[in-house]
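Report on the following structure.
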Amino acid sequence: MISKERLAAHLEAVRRESPLVHNITNYVAMNNSANALLAIGASPVMAHWKAEMEEMTSIASALVLNIGTLDAEWIEGMLAAGKAARQRGVPIVLDPVGAGATSWRTRTAWDIIEQCKPTIIRGNGSEIMALVNADVRSKGVDSTASSDDALEAAQVLAQRTGAVVVISGSTDYITDGTRTETIANGAPIMTAVTGMGCTASAVVGAFVATGEDALESAAHAMAVMGVAGQRAAAVAKGSGSMQVAFLDELYNLTGEVLIGEVKQ
Amino acid sequence: MISKERLAAHLEAVRRESPLVHNITNYVAMNNSANALLAIGASPVMAHWKAEMEEMTSIASALVLNIGTLDAEWIEGMLAAGKAARQRGVPIVLDPVGAGATSWRTRTAWDIIEQCKPTIIRGNGSEIMALVNADVRSKGVDSTASSDDALEAAQVLAQRTGAVVVISGSTDYITDGTRTETIANGAPIMTAVTGMGCTASAVVGAFVATGEDALESAAHAMAVMGVAGQRAAAVAKGSGSMQVAFLDELYNLTGEVLIGEVKQ
Amino acid sequence: MISKERLAAHLEAVRRESPLVHNITNYVAMNNSANALLAIGASPVMAHWKAEMEEMTSIASALVLNIGTLDAEWIEGMLAAGKAARQRGVPIVLDPVGAGATSWRTRTAWDIIEQCKPTIIRGNGSEIMALVNADVRSKGVDSTASSDDALEAAQVLAQRTGAVVVISGSTDYITDGTRTETIANGAPIMTAVTGMGCTASAVVGAFVATGEDALESAAHAMAVMGVAGQRAAAVAKGSGSMQVAFLDELYNLTGEVLIGEVKQ
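Structure representation (structure tokens):
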């Protein structure tokens, strides 16, 4: 169980410190991720060109690598940024979008894991299972496995990689292979908004940039996503207004609301 | 005239079967297209890298090729995906964005037509006319021709290519060169939201993935776009809320509403 | 002081003439920029491939170059478009996103300035200062300097380059190095929406395409941004609805409202 008081304090720390979160993410979710980071008070930067990775990483407080729309050049950029971040001790979040859908995605996720040693890996059930078991094939980028089904795979992946592993789903699991936290907020309509998982990874970046412990930071970020998501779902009229309301809720979220609404 | 009952049933089929629609589309419309596909219950994936086209196509139920922000590498990806889809019998939708605005766009559209044999080509009046008559020059990506003016060109293009051709406009025309269906829904404010045509092509992909007949499927998709669009226009306060309301309407759209509001 | 009547008339001219604004801009802000241009009645086109720059520029009324997510190929495209535009007398707006954050951004901005001679350069305080003083380092893409602090740098930059320089901030400054206009509209929540500065540059493009004088056109564009922004802020519930309301306000903005609300 995470401390609700520390959760609330961590949100305030993000707003106060406004960490620079460097994202190399997919084309679909860039706008959403940047807006979510701004809404919680962080400072997003999107930059992918290998030539400026060293310098960009030197001013960043966290690096988020997301393989959602990968190609050869972007992989080069991600590896360059990831290695520079690792050397400087900048925490790295990996989002293995579509791992299991194509072998290049699975392989690229593993290349990043091996060469950059991410602090946190966040995916949906199918993606996390595909990273552990090469026989699992995803259907595109949406999960066909529940987060419950994937928990064991997440624990194995955490032990194998040394990363904290986060599975998003109706219940979110956050595990380092030994200790496992759960967040039971959120709403089904979140899956009808594109880039919601990618946004979660970006928010995890802002929390790990300002937190003391990777497992706790990831749980805090998922709590923020889930509470904002369920509050937005309560007022949304459909998936379009859901996206808008979600940003509004993130923007207005306070520690007090988090304490009152987080479910573990 | 399309059957209203079959239209309603087709929307339910999309929601039930949740077809994986593989999109290689432009940077501007990716987020819109993905959200629209999720809103109607389909499963979008965006992937453009040549190296993973064979595998991605093998799990997709439709492929949408959109040349809105083309360059040499993306053209390679599109042709690779298109050829793989053609071999597997996966239906292809081509959106020739800006055909006629530059010779590379016109040429690329024709390269895709010749090498990939798209099932459906959807564009605005200017784009369709430019594909048939090399002397027509578009003004950027917005149409300077009405859909009525372009109907004859659409029929010629359909006969020449074997594709069903769709022209979006105040009246939508869907033709295989012999039979022509019309959809008279929609609202003028739709042209003030970027990527609305691209979104239509993506939705056509979801319908052709789950339909029996390409002409009918395209007409169904345009009916869904038009009905959602005019319902959204009735509540929108401007082009910003139009985009939001449009997704909400797509998300909430039912067969019953379609039957009541479609105009042919 | 700009004339309020000429400001109002210029907005009407944009709506009437619907200038084609060619944008080579970053992935994050493409959708926002296109929607903002449509909302004020302009016609956006996004195209970055070197091979089609000559042709695209030949039909454009303004070119907007934004280095927000730069890489080698996009720089090539920008320089090709910029040189073609310069030769044809098409006005160019440069948005030096993140100048000072990495040396590649500062250098690329200067390459564009030297090779393409932009008509207008629009940035935030940090970016403008970094272009003048190589010792200034930005924190990512958000400004750490106020627009007031940067005014002197803007005047120096204008004199050195021959461009009109615009600094966005709580007060916007527009200067040719000698004459300086101010716009005091806008709202703090605009900084919580990603791509708002990039959108300003795109809107500047539409106004310089249809205006008589670069300094005046830039001031008109900033007035439109600021008035729409503060009207949107008055109804927004957070940063999500801010983005939506901003487009609605742009869409509905009239000369009369501008005359009543612009503050200099």
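Residue numbers (numbering that gives the first Met the number 0), protein chains in the order written: chain A, 0 to 263; chain B, 0 to 263; chain C, 0 to 263.
Yeah, the Cβ is synthetic: ideal placement off N, Cα and C, and Gly gets one too.
Quick caveat: nothing in here was measured; it's all calculated off a predicted structure.
Check	Outcome
Partner residues on chain A for lysine 49 of chain C, Cβ-Cβ distance less than 8 Å	In chain order: nothing, as chain A lies at least about 16 Å away.
Contacts around histidine 21 of chain C, its chain only, beta-carbon distance under 6 Å, and the 5 residues preceding and following it disregarded	Val44, Met55, Ala59, Leu62
Cα-Cα separation, alanine 218 of chain B to serine 167 of chain B	11 Å
Min CB distance phenylalanine 245 of chain C to chain B below 8 Å	yes
Contact residues within the region 21 to 42 of chain C, judged by C-beta distance below 8 Å to chain A	Asn25, Tyr26, Val27, Ala28, Asn30, Asn31
Helix, strand or coil at lysine 262 of chain A according to DSSP, with G and I counted as helix	coil
Cβ contact (3+ pairs, closer than 8 Å) linking the region 1 to 9 of chain B and the region 212 to 232 of chain A	no
Proximal residues, the region 90 to 109 of chain C versus chain A, C-beta separation under 8 Å	Gly97, Ala100, Thr101, Ser102, Trp103, Arg104
Proximity below 8 Å, CB of alanine 183 of chain B to CB of isoleucine 119 of chain B	no
Span separating the alpha-carbon of glutamine 158 of chain A from that of arginine 87 of chain A	23 Å
Cβ separation of glycine 196 of chain C and leucine 19 of chain A, assumed to be a contact under 8 Å, to the nearest whole Å	That belief does not hold up - the Cβ atoms of glycine 196 of chain C and leucine 19 of chain A are roughly 17 Å apart, past 8 Å.
Residue burial classification, aspartate 147 of chain A (beta-carbon count within 10 angstroms, cutoff 16)	exposed
Runs of alpha helix (DSSP H) lying entirely within the region 134 to 160 of chain B, each at least 4 residues, in chain order	146 to 160
Beta-carbon neighbours of serine 240 of chain B, restricted to chain C and to distances below 7 Å	Val243, Asp247
Endpoints, beta strand (DSSP E) assigned at isoleucine 120 of chain B	119 to 123
Test: isoleucine 58 of chain B CB closer than 8 Å to a CB of chain A	yes
Burial state of threonine 105 of chain C, where buried means 16 or more other Cβ atoms lie within 10 Å	buried
Selected residue, minimal CA-CA separation from alanine 198 of chain C, among C/Glu113, C/Leu6, C/Ser17, C/Tyr26	Sequence inspection shows threonine at residue 198 of chain C; the alanine mentioned does not correspond to that position. Nearest C-alpha to threonine 198 of chain C: C/Tyr26.
Close-in-space but distant-in-sequence residues of the same chain around tryptophan 48 of chain A (CB under 7 Å, 5 per side omitted)	Gly76
Cutoff 8 Å: asparagine 65 of chain A Cβ touching any chain C Cβ	no
Cα-Cα separation, glutamine 229 of chain B to threonine 181 of chain C	41 Å
Cβ neighbours of valine 13 of chain A in the same chain (closer than 7 Å, five flanking residues each side left out)	Ile39, Gly40, Ala41, Ala205, Phe206, Thr209
Other residues of its chain near aspartate 171 of chain B: CB distance less than 6 Å, five sequence neighbours each side excluded	Ile182, Met221
Chain-ordered neighbours of leucine 19 of chain B on chain A, where CB pairs are closer than 7 Å	Lys138, Gly139
Contact check, glutamate 67 of chain A vs alanine 28 of chain A, beta carbons under 8 Å	Checking the displayed sequence, the identity of residue 67 of chain A turns out to be glycine instead of glutamate. Their beta carbons are under 8 Å apart, which means glycine 67 of chain A touches alanine 28 of chain A by this criterion.
Reduced DSSP category for threonine 105 of chain B - H, G, I as helix; E, B as strand; rest coil	helix
Identified DSSP bridge partners for histidine 21 of chain A	A/Val44, A/Leu62
CB contact below 8 Å: alanine 144 of chain A versus chain B	no
Short Cβ contact (8 Å threshold) for serine 142 of chain A with glycine 124 of chain A	yes
Residues that methionine 128 of chain A contacts on chain C, provided the C-beta gap is smaller than 9 Å	In chain order: nothing, as chain C lies at least about 30 Å away.
Same chain, Cβ closer than 6 Å to valine 165 of chain B, five either side skipped, listed in chain order	Arg121, Ile173, Ala217
Where isoleucine 111 of chain B sits in the DSSP three-state scheme	helix
Contact with chain A by glutamate 260 of chain B, beta-carbon distance below 8 Å	no
Chain A contacts made by the region 72 to 89 of chain C, where a contact means CB separation under 8 Å	none
Serine 167 of chain C in three-state terms, based on DSSP	strand
Residue environment, alanine 46 of chain B, which counts as buried when at least 16 other CB atoms sit within 10 Å	buried
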